[in-house]
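Residue numbers (full-length UniProt numbering): 1 to 210.
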C-alpha cells in the first residue's frame with residue numbers, strides 16, 4: 001500500500017499507543033489484525049495516522065472515515081468505539097482511496113470488573129532500581145486478565161513516580177502508594193524506597209522481568 005512517491009506512506013490504526021508496521025507497497029503486503037476484549041457499554045478511543053517510510057507520522061483521526069464490520073455489536077465515530085452488545089466487530093479506517101493496513105477486532109463481552117490487584121502488592125527497593133507493576137482484573141465470570149489503558153497514580157511522587165505503563169521510579173527514601181482505579185474498583189501497591197543498596201535477591205522478580 002502507499003503511493004509511488006518518496007517517502008512512501010500508509011494508513012494505520014493506533015490503539016493503546018502502539019504503532020503498527022507498514023509494508024509500504026511490498027508484494028508480501030498483508031493486513032495485520034489485533035484482537036481486544038471490551039465490555040458492553042464501554043467506549044474505546046482509537047487513533048488513525050499516516051505513517052511514512054522515514055518514520056514520521058501524521059494524525060488522521062478526525063479526517064478518516066471509520067468503518068465497523070458489524071455496528072450492531074460495536075459502532076465507531078471519530079475514533080470512539082462504543083460496545084453495543086455481545087459479539088465481534090472489525091474496525092478499519094479509510095482515507096482518499098486508502099484502507100488502513102491493520103484492523104482491530106473487538107470482542108464484546110458482558111461481564112463486569114469485580115476487583116483489581118496490583119502485582120507486586122508491596123515492594124521495597126533502593127534508589128538505583130525500578131519496579132514494573134502489573135494490574136490484573138478479576139471479572140464476574142471468574143476470569144482474570146491484565147488491564148491496559150489505565151491511569152497510574154503515585155500518592156507521593158517526591159518518593160516514587162509511576163509511568164502510564166506501571167513503571168515505578170524511586171526518587172527519594174520514603175513510602176508511596178501506587179493506585180489504579182477502573183470503574184470504581186481500586187488496586188494498590190505499597191512502595192518503600194531505601195537509600196541503601198539492596199541485595200538483588202530481595203527485589204521481586206516481577207519487577208525485574210516485566
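Even glycine gets a Cβ: it sits at the ideal position worked out from N, Cα and C.
* Using the rule of at least 16 other Cβ atoms within 10 Å of the residue's Cβ for burial, across every protein chain shown, is residue 89 buried or exposed? -> buried
* Which value, in whole angstroms, describes the spacing of the CA atoms of residue 185 and residue 146? -> 14 angstroms
* Asked: residue 48 and residue 104: beta carbons closer than 7 angstroms?
  -> no
* Locate the beta strand (DSSP E) running through residue 159, then write down its first and last residues. => From DSSP, residue 159 is part of no beta strand (DSSP E); its letter is neither H nor E.
* Asked: Near residue 73, which residues of its chain fall below 7 angstroms by C-beta distance, leaving aside the five closest residues on each side in sequence?
  -> So the qualifying residues of the chain are 84, 85, 87, 88, 89 and 108.
* Using the beta-carbon count (16 or more within 10 Å), is residue 122 buried or exposed? -> exposed
* **6 angstroms CB neighbourhood of residue 110 in its chain, flanking five on each side removed** => 40 and 86
* Asked: Roughly how far, in whole angstroms, is the beta-carbon of residue 171 from the beta-carbon of residue 161, given that I think they are within contact range, below 8 angstroms?
  -> 6 angstroms
* Asked: Touch check for the stretch 127 to 143 and the stretch 58 to 71: three-plus C-beta pairs under 8 angstroms?
  -> no
* Per-residue burial, residue 101 [other beta carbons within 10 Å of its own, 16 or more giving buried] -> buried
* With DSSP as the reference, label residue 36 as helix, strand or coil. => strand
* **Sequence-distant residues of the same chain with beta carbon closer than 6 angstroms to residue 112, five excluded per side** => 140
* To do: Check whether the Cβ atoms of residue 192 and residue 175 sit closer than 7 angstroms, and answer yes or no.
  => yes
* **residue 10 beta carbon near the ligand MG (any heavy atom closer than 6 angstroms)** => This structure lacks the ligand MG; in fact it carries no ligand of any kind.
* residue 155 versus residue 179: straight-line alpha-carbon distance, rounded -> 8 angstroms
* DSSP three-state call for residue 48: helix, strand or coil? -> strand
* Asked: From the DSSP output, which residues share a beta bridge with residue 57?
  -> 51
* **Cα-Cα separation, residue 97 to residue 11** => 10 angstroms
* residue 120 versus residue 126 - alpha carbon distance -> Roughly 16 angstroms separates the two Cα atoms.
* Given that a residue counts as buried once 16 or more other Cβ atoms are within 10 Å of its Cβ, and exposed if not, what is residue 93? -> buried
* Within 7 angstroms, strictly: CB atoms of residue 163 and residue 118 -> No, the Cβ-Cβ distance between residue 163 and residue 118 is not below 7 angstroms.
* To do: Would you identify the three-state DSSP class for residue 65, choosing helix, strand or coil?
  => strand
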